[in-house]
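Report on the following structure.
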Ligand code: GUN
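Residue numbers (the working numbering): -16 to 277.
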């Protein structure tokens, strides 16, 4: 078993991003700027947004966190998004998900100018990604592709099985792995809660991406000998063992599955760190106008 080491890869790529951000700042007289909107007090979301903001500062970006009470109306939130869309000092805008039930995430996603949509969730970015056109790719799938690229994992002609069809990970991941690109060119199976014989589907995978949000869902009996296993799960459980009071578990039973896998990502220290890299790269590209010219 070889480790797909998110700590190592993210640190290397962040060094490059930092250098590019410095060059951008020298030339333009301003730093790349990401705004993150956080609604309510969801513990996981607070941690993720704090980490995104901290990492922006680490690579020399400006970061702004706008917080709203859980009761903010959809109209008020959309009005703020429209204001940010017009603000030329802001390059990227993300609205942390999930949102409270009274706010429609589709409406929010579509309110964001697709040229600032560094989460890559807007239908324009999704459609352009599917067509292999210049676009913002969602951060987690983007980070996974960067990791596969870094380790030179051979994906062409392989059977990839994605477990989970979320808009944020599973669905875009299936598109990217199937695209005519490197990494890519996989034969992709996108599995979900209604998939029949899930175990057999996963067993067929040369590459398995687990993104279902259930602790240790993928067990050793579901994984082919020699498979490449990507664990997207960040399942938080309260724990007295850690300083934060929480312990993270992946969607994959690492201990057992690592005995069969040729390559595997740990949790923590795997995909989570690469997600941040994907977001930082998108923000830098938004500032530079390389995805959509300014
Ligand atoms: N919630 C879980 N993952 C993400 C993400 O990548 N972006 C946003 N905005 N919300 C999320």
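A virtual CB, placed ideally from N, CA and C, is assigned to each residue, including glycine.
Only a predicted model underlies this, so the values are computations on that prediction, with no experimental measurement involved.
Check whether the Cβ of residue 258 sits closer than 7 angstroms to any heavy atom of the ligand GUN, and report yes or no. Numbered from 1 along the chain shown, position 275 holds the residue referred to as residue 258. Checking every heavy atom of the ligand GUN against the Cβ of residue 258, one is found closer than 7 angstroms.
Buried or exposed for residue 99, going by 16 or more other Cβ atoms inside 10 Å? Along the chain shown, one-based indexing puts residue 99 at 116. Buried: at least 16 other Cβ atoms inside 10 Å.
If distances are taken between C-alpha atoms only, which option among 255, 276, 274, 169 comes closest to residue -6? Along the chain shown, read from residue 1 onward, the residue named residue -6 stands at position 11. The residue with the shortest Cα to Cα distance from residue -6 is 255.
Can residue 0 and residue 264 be called in contact, C-beta distance under 8 angstroms? Along the chain shown, read from residue 1 onward, the residue named residue 0 stands at position 17. Along the chain shown, read from residue 1 onward, the residue named residue 264 stands at position 281. In contact: residue 0 and residue 264 (Cβ atoms closer than 8 angstroms).
Are residue 202 and residue 184 touching if we call contact CB-CB under 8 angstroms? To locate residue 202, count along the chain shown from 1; it is residue 219. To locate residue 184, count along the chain shown from 1; it is residue 201. Contact flag unset, no.
Nearest residue (CA-CA) to residue 21, options 166, 64, -11: Within the chain shown, numbered from 1, the residue matching residue 21 stands at position 38. Closest by alpha carbon: 64.
So, with DSSP's three-state summary, where would you put residue 216? Taking the first residue of the chain shown as position 1, residue 216 is located at position 233. Note: residue 216 maps to coil in three-state DSSP.
Just to confirm before moving on: does the CB-CB distance between residue 120 and residue 80 stay below 8 angstroms? Numbered from 1 along the chain shown, position 137 holds the residue referred to as residue 120. Numbered from 1 along the chain shown, position 97 holds the residue referred to as residue 80. Going by C-beta atoms, residue 120 is not nearer than 8 angstroms to residue 80.
When we look at the beta-carbon of residue 16 and count the other beta-carbons within 10 Å, is it buried (16 or more) or exposed? Translated into the one-based positions of the chain shown, residue 16 becomes position 33. Looking at its Cβ environment, which holds 16 or more other Cβ atoms inside 10 Å, residue 16 is buried.
Answer with buried or exposed for residue 53, where buried requires no fewer than 16 other C-beta atoms within 10 angstroms of its C-beta. If you number the chain shown from 1, residue 53 lands on position 70. When all chains shown are included, residue 53 counts as exposed.
Would you tell me roughly how many angstroms separate the C-alpha atoms of residue 245 and residue 205, rounded to the nearest one? Locating residue 245 in the chain shown gives position 262, where the first residue counts as 1. Locating residue 205 in the chain shown gives position 222, where the first residue counts as 1. Looking at the two C-alpha atoms, the distance is approximately 15 angstroms.
Per-residue DSSP class, three states only, for residue -15: Reading the chain shown from its first residue, position 2 is the one you call residue -15. Residue -15 falls in the strand class under three-state DSSP.
Under DSSP, the alpha helix (DSSP H) around residue 154 begins and ends at which residues? In the chain shown, the residue the question calls residue 154 occupies position 171. Run containing residue 154: 153 to 161, per the alpha helix (DSSP H) assignment.
Where residue 206 sits in the DSSP three-state scheme: Within the chain shown, numbered from 1, the residue matching residue 206 stands at position 223. Of the three classes helix, strand and coil, the one that applies to residue 206 here is coil, per DSSP.
What do you reckon, is the C-beta of residue 77 under 7 angstroms from a heavy atom of the ligand GUN? Within the chain shown, the letter at position 94 stands for residue 77. Yes; taking the cut-off as 7 angstroms, the Cβ of residue 77 has a heavy atom of the ligand GUN nearer than that.
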